[in-house]
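Here the numbering used here is used: the first residue of the sequence shown is 375, the next is one more, and so on.
Here's the structure we're looking at; comments come further down.
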Amino acid sequence: MKVCPAKLPTSVHSYLKEIGRYPLLTPEQEITNARALQQMMAIEEQRSNLALQLNREPTTRELATSLGQSEAEIQSKQFKIQNY
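Below you can see the structure in the form of structure tokens.
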């Protein structure tokens, strides 16, 4: 069912017009972003678990070791997410 723009409330029409100005992600970008987010969530979950075990925040080295990754890999993933 199509809705005539004239029948939409002004705020809804303005919102739809505004978001239409930005390009959508490609399917590849969606997949890449979803994977990066999943990796970051796993890192944060492990950080939380380690913090409970250690009674303090783990170092990047401790976190990387527990995940079987290098410190550089962890830092790179964190940087990508923070600067997304």
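Glycine residues also receive a C-beta, built at the ideal position from the N, C-alpha and C atoms.
It should be emphasised that the depicted structure is a prediction, and the values quoted were computed from it without experimental measurement.
- Task: Round the Cβ separation of residue 449 and residue 434 to the nearest angstrom and send it over; I've been treating them as touching at under 8 Å.
- Result: Mapped onto the sequence shown, residue 449 falls at position 75. Mapped onto the sequence shown, residue 434 falls at position 60. About 6 Å separates the two Cβ atoms, so the contact holds.
- Message: Within the continuous alpha helix (DSSP H) that includes residue 439, where are the two ends?
- Response: One-based indexing of the sequence shown puts residue 439 at position 65. Segment 434-441, the alpha helix (DSSP H) holding residue 439.
- Message: What would DSSP say about residue 444, mapped onto helix, strand or coil?
- Response: Counted from its first residue, the sequence shown places residue 444 at position 70. Of the three classes helix, strand and coil, the one that applies to residue 444 here is coil, per DSSP.
- Task: Quick one: grab the DSSP three-state call for residue 399.
- Result: Here the question's residue 399 lines up with position 25 in the sequence shown. Under the three-state reduction of DSSP, residue 399 is assigned to coil, being neither helix nor strand.
- Message: Which residue marks the beginning of the alpha helix (DSSP H) containing residue 392, and which one marks its end?
- Response: Position 18 of the sequence shown holds residue 392. Per DSSP, residue 392 belongs to the alpha helix (DSSP H) from 384-393.
- Query: According to DSSP, is residue 404 helix, strand or coil?
  - Reply: Residue numbering aside, residue 404 sits at position 30 when the sequence shown is read from its first letter. In the structure shown, residue 404 sits in a helix (DSSP, three-state: H, G or I).
- Item | Which of helix, strand or coil DSSP assigns to residue 423 | Taking the first residue of the sequence shown as position 1, residue 423 is located at position 49. Three-state result, residue 423: helix.
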